[in-house]
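A.B. asks: Take this structure, written in C-alpha cells, and hold onto it; I'll ask about it next.
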Amino acid sequence: MDPCGMRDEFLPLRIEVRPDPARERVVLAPRGEVDVETAAPVRRELAELRAAGWRHVVFDTRKVTFFDSTALRVLLEERRAAQAPGRSFSLIDGSPSVARALEISGLSPWFERVRD
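Okay, so the sequence shown: first residue is 1 according to UniProt numbering, each after it adds one.
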C-alpha cells in the first residue's frame with residue numbers, strides 16, 4: 001500500500017532504475033501493471049539503458065502486478081538484444097503474474113534468473 005492509502009495494483013506504472021555503483025549491472029524495477037498500455041515506457045527505458053552503455057541489465061519482477069503478452073514481447077526483445085557479445089539480460093523472480101505468463105507461454109526456461 002502506498003503512503004496515501006492506495007493499493008499498489010491501482011497505481012500507475014512506475015519504473016525504478018538502480019545502477020550498480022561499479023557499473024557491473026543495472027536493475028530495472030517496474031511497479032504496477034506492464035501491459036499493452038504501459039509496455040512502451042518499459043521498452044524505451046531498456047533501450048536507453050543499452051544506449052547508455054549498460055551491458056548487464058536485470059529486470060526485477062517483484063513489484064509487477066499484471067503482465068500480458070505485450071510485456072512478454074518486451075522481455076523477448078531485450079533477451080535478443082542481450083545475445084550480443086558481452087551483454088546479458090536476466091530476471092529477478094517474485095511476481096506471480098510474470099511467472100504465470102512465462103510458464104503459460106513456455107518461455108520461462110529462456111530467461112536467466114539472478115538475485116538482487
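Idealized CB from N, CA, C, for every residue including glycine.
Does the beta-carbon distance from LEU28 to PHE59 come in below 8 angstroms?
C.D. replies: Against a cut-off of 8 angstroms, the Cβ pair of PHE59 and LEU28 comes out as a contact.
A.B. asks: DSSP three-state label for GLU48, please.
C.D. replies: Three-state DSSP puts GLU48 in a helix.
A.B. asks: Go to THR38, then tell me how far its alpha helix (DSSP H) extends in each direction, as first and last residue.
C.D. replies: Careful: THR38 lies outside any alpha helix (DSSP H) and carries neither H nor E.
A.B. asks: Since ALA39 contacts VAL74 with CB under 8 angstroms, what's their CB separation in whole angstroms?
C.D. replies: Confirmed, Cβ separation roughly 5 angstroms.
A.B. asks: Measure the C-alpha to C-alpha separation of GLU33 and VAL42 and round it to an integer number of angstroms.
C.D. replies: Taking the straight line from one Cα to the other gives about 11 angstroms.
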